[in-house]
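Residue numbers (this note's numbering): 637 to 717.
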């Protein structure tokens with residue numbers, strides 16, 4: 637799976653500071669495709685960039701987990717879409 641490079645221990649988190657995640661991920665979707673993952677401070681997150689892919693993924697019980705949104709609020713200055 638394609639992913640952007642990050643820095644040790646912090647992953648891609650430093651590059652998201654002060655930005656709105658949905659805008660940054662939309663830009664990354666153009667570069668990395670509809671499905672990619674990023675590491676944010678030691679947590680791997682899979683980003684799904686199309687509605688049909690999201691519907692398909694969340695229709696499967698083993699993919700119905702959500703990430704910790706507190707981490708998003710801390711890195712995005714409260715703008716987590």
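Quick reminder that beta carbons are idealized off the backbone N, C-alpha and C, glycines included.
By the criterion of at least three beta-carbon pairs nearer than 8 Å, the region 660-667 is in contact with the region 683-700. Residue 658 and residue 676 have their C-alpha atoms roughly 15 Å apart. Taking the Cα positions, residue 691 is about 20 Å away from residue 674. Contact annotation: residue 647 and residue 678 have beta-carbon atoms nearer than 8 Å.
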